[in-house]
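*Asks:* This note's numbering numbers the first residue of the sequence shown as 22 and each following residue consecutively.
Dropping the structure in here first, questions after.
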Amino acid sequence: MSEYRRVAKTEDIEPGEMKFVREQGTAILLVNVDGNIYALSDFCTHSRCYLHEGKLKGKTLTCRCHFAEFDVTTGGVLGPPAKRSLVTYPVKVEGKHILVAI
22 MSEYRRVAKT EDIEPGEMKF VREQGTAILL VNVDGNIYAL SDFCTHSRCY LHEGKLKGKT
82 LTCRCHFAEF DVTTGGVLGP PAKRSLVTYP VKVEGKHILV AI
């Protein structure tokens, strides 16, 4: 069963920014899109490159290795070569704390 864990503070990640965190051995990418926080696996499903090293434009994240594109709000694939969606994690914001269910 997943439990929510504090992983960051809201002031750590401004709109349009990403933040890498590791919680319980899990590499998680936090993304702020228009004030909404999303949590995804930090590994590209195509080549396991770190996605926090990629480029975020709006809600589209482009992997630096082979330019696979993902929708950070859903984890869905927007462009090849990736074929599988990213793992997503439930997020809650309590006051100034960002919590992710792992």
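Beta carbons: idealized from backbone N, C-alpha and C, even for Gly.
(1) Do you know how far the Cα of G37 is from the Cα of T31?
(2) Touch check for the region 71-86 and the region 43-61: three-plus C-beta pairs under 8 Å?
(3) Which residues does DSSP list as the beta-bridge partners of V92?
(4) With a CB to CB cut of under 7 Å and the five nearest residues on each side skipped, what residues in its chain are close to K40?
(5) Figure out for me which residue from S68, E74 and T94 has the closest Cα to the Cα of A60.
(6) On the criterion of 16 or more Cβ atoms from any shown chain inside 10 Å, does S62 qualify as buried, or is it exposed?
*Replies:* So, from the data block:
(1) Counting from 1 along the sequence shown, the entry for residue 31 is found at position 10. Counting from 1 along the sequence shown, the entry for residue 37 is found at position 16. If I take the Cα positions, the gap works out to 13 Å.
(2) A contact exists between the region 71-86 and the region 43-61.
(3) Within the sequence shown, numbered from 1, the residue matching residue 92 stands at position 71. At residue 92 the sequence reads Asp, which differs from the Val that was named. Paired residue(s): T81.
(4) Position 19 of the sequence shown, counted from the start, is the residue given in the question as residue 40. Within the same chain, K40 has close Cβ partners A29, D33, I34 and L51.
(5) Against the sequence shown, residue 60 aligns to sequence position 39. Closest option to A60, Cα to Cα, is T94.
(6) Within the sequence shown, the letter at position 41 stands for residue 62. That one is buried.
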